[in-house]
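J.: The structure follows.
Protein chains: 2
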Amino acid sequence: MAKFYGIGTGPGDSSLVTVKAVNTFKILDILYTPEPKKGADSLALSIVKEYIPETVEIKQRHFPMSADGVEKMAAWDKAAEEIKADVKAGKNVGFITLGDPMIYSTYVYVMERLLDEIEVETIPGISSFSNIASNQNFPLVMDTDPLIVIPCTMEEEKIDAALQTYDCLVLMKVYKNFKEIVQKLEKYDLIDSAILVSNSSQDREVVYKDLRDVHLQEKISYFSTILVNKNNKRK
Amino acid sequence: MAKFYGIGTGPGDSSLVTVKAVNTFKILDILYTPEPKKGADSLALSIVKEYIPETVEIKQRHFPMSADGVEKMAAWDKAAEEIKADVKAGKNVGFITLGDPMIYSTYVYVMERLLDEIEVETIPGISSFSNIASNQNFPLVMDTDPLIVIPCTMEEEKIDAALQTYDCLVLMKVYKNFKEIVQKLEKYDLIDSAILVSNSSQDREVVYKDLRDVHLQEKISYFSTILVNKNNKRK
Numbered sequence: 024m025a026k027f028y029g030i031g032t033g034p035g036d037s038s039l040v041t042v043k044a045v046n047t048f049k050i051l052d053i054l055y056t057p058e059p060k061k062g063a064d065s066l067a068l069s070i071v072k073e074y075i076p077e078t079v080e081i082k083q084r085h086f087p088m089s090a091d092g093v094e095k096m097a098a099w100d101k102a103a104e105e106i107k108a109d110v111k112a113g114k115n116v117g118f119i120t121l122g123d124p125m126i127y128s129t130y131v132y133v134m135e136r137l138l139d140e141i142e143v144e145t146i147p148g149i150s151s152f153s154n155i156a157s158n159q160n161f162p163l164v165m166d167t168d169p170l171i172v173i174p175c176t177m178e179e180e181k182i183d184a185a186l187q188t189y190d191c192l193v194l195m196k197v198y199k200n201f202k203e204i205v206q207k208l209e210k211y212d213l214i215d216s217a218i219l220v221s222n223s224s225q226d227r228e229v230v231y232k233d234l235r236d237v238h239l240q241e242k243i244s245y246f247s248t249i250l251v252n253k254n255n256k257r258k
Numbered sequence: 024m025a026k027f028y029g030i031g032t033g034p035g036d037s038s039l040v041t042v043k044a045v046n047t048f049k050i051l052d053i054l055y056t057p058e059p060k061k062g063a064d065s066l067a068l069s070i071v072k073e074y075i076p077e078t079v080e081i082k083q084r085h086f087p088m089s090a091d092g093v094e095k096m097a098a099w100d101k102a103a104e105e106i107k108a109d110v111k112a113g114k115n116v117g118f119i120t121l122g123d124p125m126i127y128s129t130y131v132y133v134m135e136r137l138l139d140e141i142e143v144e145t146i147p148g149i150s151s152f153s154n155i156a157s158n159q160n161f162p163l164v165m166d167t168d169p170l171i172v173i174p175c176t177m178e179e180e181k182i183d184a185a186l187q188t189y190d191c192l193v194l195m196k197v198y199k200n201f202k203e204i205v206q207k208l209e210k211y212d213l214i215d216s217a218i219l220v221s222n223s224s225q226d227r228e229v230v231y232k233d234l235r236d237v238h239l240q241e242k243i244s245y246f247s248t249i250l251v252n253k254n255n256k257r258k
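Chains A and B, in that order, give the protein sequences. Numbered per my numbering, the first sequence spans residues 24 to 258. Numbered per my numbering, the second sequence spans residues 24 to 258.
The following block contains the structure:
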């Protein structure tokens with residue numbers, strides 16, 4: 024029976040795709056790929072392109088990131104309707120998404136529209152923070168410590184509360200308020216337990232092992248993540 | 024130059040290993056595998072066995088889980104010394120670990136003993152909670168919400184605080200105080216936003232979409248995880 028597959032591509036390095044994802048690409052008829060800007064290339068597609076047989080039809084679709092709710096919902100509704108029609112016509116349909124499909128991915132909004140309609144299988148991917156931690160040999164969390172993953176687009180008081188409460192943190196989406204975040208890390212004495220990585224495993228990867236080295240006026244990439252672990256404090 | 028590779032095997036399904044891990048197994052001379060109980064088979068090895076060339080020498084080593092600090096440290100010291108000697112003798116050496124190497128893995132203790140001594144490359148793996156979420160089509164976290172991963176071996180007040188503060192939670196190692204955790208989920212009105220999975224992607228996988236169906240006196244598996252997302256409340 025035809026199925027819909029949501030597939031995590033991992034963070035950017037083609038070799039960090041799972042064997043299951045590679046095998047799934049081989050049985051697809053159609054692959055939907057998200058494009059961040061209208062007409063721009065899909066980053067997710069560039070990661071997995073080498074595994075996609077030529078016979079697979081690629082349907083690139085635009086999902087507005089910063090648009091209002093109505094426009095976003097219309098895009099998800101439309102993609103879900105198209106996918107449903109394809110699967111009901113007997114096609115195996117894939118949808119690729121950066122990192123892991125269940126962690127901050129637009130894929131979820133498409134999936135939720137399809138769960139009651141067609142068979143859905145989701146294949147996990149390596150999340151960007153797992154990848155950064157391994158690349159830097161930076162332990163995220165051990166033993167009885169909790170790990171908290173924070174989008175820095177969250178309310179400021181909540182960011183402060185998390186920084187004061189927890190020893191092991193992943194700070195995602197730091198591009199907008201980067202300067203304020205670095206100041207907070209200094210305030211809470213976390214700066215020597217933190218590293219910053221932009222564009223992990225992509226061509227333009229930048230690693231700062233000491234956040235004091237970053238010029239605070241600099242614009243940093245959308246794909247920037249800070250890892251904090253109080254147990255990894257530099258001497 | 025010879026190198027030490029720490030390799031995440033993912034959660035249990037051989038197809039959830041990354042392409043990078045598979046390629047790395049091909050260039051190894053020696054592979055260290057952790058055994059949970061003395062003489063017991065390594066679960067990590069059973070996951071990746073099909074990818075290991077016959078020429079690779081397997082060195083199974085015992086790392087006591089519940090032993091005291093001194094005994095544990097002695098085991099890590101010994102393994103690190105052996106690995107260092109192997110790499111200095113020109114061998115490419117691997118070390119496999121369940122799930123992701125940087126999230127609650129003993130691998131970190133071995134790695135930390137080697138970072139200043141030999142070249143170390145860590146390869147990330149799919150974490151058990153990512154896998155469970157994808158398998159169940161259960162979104163872990165979206166938009167501006169934080170995600171917190173809690174080992175239920177943590178102090179009780181801290182567990183309570185996290186359950187009261189956050190909407191998206193992963194509760195790991197729930198086997199010891201499972202009954203108390205379920206009671207807390209009921210107390211904080213999270214029971215309809217939670218699922219429980221034991222032995223994810225292994226032969227004996229058990230899924231409870233409603234935690235009320237679990238007999239609280241039942242012994243549950245060591246590899247049991249509860250996912251909570253208030254935005255996924257069942258109707």
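Every residue gets a Cβ at the ideal spot worked out from N, C-alpha and C, and that includes glycine. Quantities reported herein were computed from a predicted structural model and do not represent experimental measurements.
1. Span of the alpha helix (DSSP H) holding Glu-135/B?
2. If Ile-173/B sits next to Leu-219/B, beta carbons under 8 Å apart, how far is it from one beta carbon to the other, in whole angstroms?
3. Please confirm whether Ser-216/B has its beta-carbon closer than 8 Å to some beta-carbon of chain A.
4. Name the residues in the stretch 27-38 of chain A whose C-beta lies less than 9 Å from a C-beta of chain B; which are they?
5. Hey, quick one: how far does the beta strand (DSSP E) through Gly-33/A stretch, first residue to last?
6. Just to confirm before moving on: does the CB-CB distance between Tyr-55/B and Val-116/B stay below 8 Å?
7. Should Thr-272/B be flagged as near chain A, meaning a C-beta pair shorter than 8 Å?
8. Could you check what DSSP says for Gly-117/A in three-state terms: helix, strand or coil?
9. Short of 8 Å in beta carbon distance, which residues of its chain neighbour Arg-235/A, apart from the five on each side in sequence? Order them along the chain.
10. When you compare the stretch 134-152 of chain A with the stretch 154-165 of chain B, are there three or more beta-carbon pairs, one atom per stretch, that lie closer than 8 Å?
11. Taking DSSP's pairing of strands, which residues face Gly-92/A in a bridge?
12. For Thr-32/A, count the other beta carbons within 10 Å of its own beta carbon; 16 or more makes it buried, fewer makes it exposed. Which is it?
13. Taking 8 Å as the CB-CB limit, is Ala-156/A close to chain B?
14. Chain B partners of Val-45/A, CB-CB under 8 Å?
15. Which word fits Leu-278/A, buried or exposed, when buried means at least 16 other C-beta atoms lie within 10 angstroms of its C-beta?
16. Select from Ile-149/B, Gly-113/B, Ser-150/B and Glu-105/B the residue whose C-alpha is nearest the C-alpha of Met-134/B.
17. Could you check what DSSP says for Tyr-74/A in three-state terms: helix, strand or coil?
18. With a CB to CB cut of under 6 Å and the five nearest residues on each side skipped, what residues in its chain are close to Lys-114/B?
19. In chain B, what lies closer than 7 Å to Ala-185/A by C-beta?
20. Kindly indicate which three-state DSSP category Asn-160/A falls into: helix, strand or coil?
21. Closer than 8 Å by C-beta to Asn-255/B: which residues in its own chain qualify, once you throw out the five before and the five after it? Chain order, please.
22. Consider the Cβ of Phe-161/A: report whether some Cβ of chain B lies at a distance smaller than 8 Å.
23. Please list, in chain order, the residues of the stretch 115-139 of chain B that have any C-beta partner in chain A closer than 7 Å.
24. Helix, strand or coil: which one does DSSP assign to Lys-60/A?
25. Do the stretch 93-107 of chain A and the stretch 65-79 of chain A make contact, defined as three or more Cβ pairs closer than 8 Å?
26. Assuming Pro-184/B is part of the alpha helix (DSSP H), what are its boundary residues?
27. Where do the ends of the beta strand (DSSP E) carrying Lys-82/B lie?
28. Expressed to the nearest angstrom, what Euclidean distance is found between the alpha-carbon atoms of Ile-182/A and Thr-176/A?
29. Mapping DSSP to helix, strand and coil, what is Val-197/B?
30. Answer yes or no: do Ile-30/A and Ile-119/A have a C-beta to C-beta separation smaller than 8 Å?
31. Considering only DSSP beta bridges, list what Val-40/B is partnered with.
32. Quick one: what does DSSP say Glu-142/A is sitting in, helix, strand or coil?
33. Looking at the secondary structure, which residues open and close the beta strand (DSSP E) in which Tyr-231/A lies?
T.: Result, derived from the coordinates:
1. Position 112 of the second sequence, counted from the first residue, corresponds to residue 135/B. Unbroken alpha helix (DSSP H) run through Glu-135/B: 130-135.
2. Here residue 173/B corresponds to residue number 150 of the second sequence, with the count starting at 1. Here residue 219/B corresponds to residue number 196 of the second sequence, with the count starting at 1. With 8 Å as the limit, Ile-173/B and Leu-219/B do not qualify as a contact, their Cβ atoms being about 14 Å apart.
3. In the second sequence, residue 216/B corresponds to position 193, counting from 1. Not closer than 8 Å to any Cβ of chain A, the Cβ of Ser-216/B fails to qualify, so no.
4. Cβ contacts with chain B come from Gly-29, Gly-31, Gly-33, Pro-34, Asp-36, Ser-37 and Ser-38.
5. The count along the first sequence starts at 1 and reaches residue 33/A at position 10. First-last for Gly-33/A: undefined, no H or E at that position.
6. Within the second sequence, residue 55/B is the residue found at index 32, counting from 1. Within the second sequence, residue 116/B is the residue found at index 93, counting from 1. Pairing Tyr-55/B with Val-116/B gives a Cβ-Cβ distance under 8 Å.
7. Because chain B in this structure spans residues 24 to 258, residue 272/B falls outside the shown range and cannot be described.
8. As a working note, residue 117/A is residue 94 in the first sequence. Strand.
9. Residue mapping note: residue 235/A aligns to position 212 of the first sequence, counting from 1. Its chain contains Ile-214 as the residues whose beta carbon lies nearer than 8 Å to that of Arg-235/A, once the 5 sequence neighbours on both sides are disregarded; these appear in chain order.
10. Touching, per the Cβ criterion.
11. Here the question's residue 92/A lines up with position 69 in the first sequence. Partner(s): none; Gly-92/A has no beta bridge.
12. As a position in the first sequence, residue 32/A is number 9, starting the count at 1. Classification of Thr-32/A: buried, given that the 10 Å Cβ count is 16 or more.
13. Here residue 156/A is taken as the residue at index 133 of the first sequence, counted from 1. So, interface residue.
14. Along the first sequence, read from residue 1 onward, the residue named residue 45/A stands at position 22. Simply Val-42.
15. An answer regarding residue 278/A cannot be provided, because it is not within the stretch 24 to 258 covered by chain A.
16. Stepping through the second sequence from its first residue, residue 134/B is reached at position 111. Out of Ile-149/B, Gly-113/B, Ser-150/B and Glu-105/B, Glu-105/B has the C-alpha closest to the C-alpha of Met-134/B.
17. The residue labelled residue 74/A in the question sits at position 51 within the first sequence. Here Tyr-74/A sits in helix by DSSP.
18. Looking up residue 114/B in the second sequence gives position 91. Same-chain partners within the cutoff: Ala-25, Asp-52 and Ile-53.
19. The count along the first sequence starts at 1 and reaches residue 185/A at position 162. In chain order: Pro-169.
20. Counting from one through the first sequence, the residue named residue 160/A turns up at place 137. In the three-state reduction of the DSSP assignment, Asn-160/A falls in the coil class, being assigned neither a helical nor a strand state.
21. Taking the first residue of the second sequence as 1, we reach residue 255/B at position 232. If we look at Asn-255/B and ignore the five residues flanking it on each side, its Cβ neighbours are Phe-161, Pro-162 and Ser-216.
22. Reading the first sequence from its first residue, position 138 is the one you call residue 161/A. Chain B contact via Cβ: present.
23. The stretch 115-139 of chain B vs chain A, Cβ under 7 Å: Asp-123, Pro-124, Met-125, Ile-126, Tyr-127, Val-131, Met-134 and Leu-138.
24. Counted from its first residue, the first sequence places residue 60/A at position 37. Lys-60/A: coil per DSSP, three-state reduction.
25. These segments do not touch.
26. Numbered from 1 along the second sequence, position 161 holds the residue referred to as residue 184/B. Residue identity check: residue 184/B is Ala in the sequence provided, not Pro. Run containing Ala-184/B: 179-188, per the alpha helix (DSSP H) assignment.
27. Along the second sequence, read from residue 1 onward, the residue named residue 82/B stands at position 59. It spans 80-85 - the beta strand (DSSP E) in which Lys-82/B sits, taken as one unbroken run.
28. Walking along the first sequence from the start, residue 182/A turns up at place 159. Walking along the first sequence from the start, residue 176/A turns up at place 153. Their Cα atoms are separated by approximately 9 Å.
29. Position 174 of the second sequence holds residue 197/B. DSSP places Val-197/B in coil when its eight states are reduced to three.
30. By 1-based counting over the first sequence, the position of residue 30/A is 7. By 1-based counting over the first sequence, the position of residue 119/A is 96. A contact, by the Cβ cut-off of 8 Å.
31. Within the second sequence, the letter at position 17 stands for residue 40/B. Paired residue(s): none; Val-40/B is not in a bridge.
32. Working through the first sequence from its first residue, we reach residue 142/A at position 119. The answer is coil: DSSP assigns Glu-142/A none of H, G, I, E or B.
33. Indexing the first sequence from 1 puts residue 231/A at position 208. Here the beta strand (DSSP E) through Tyr-231/A covers 229-231.
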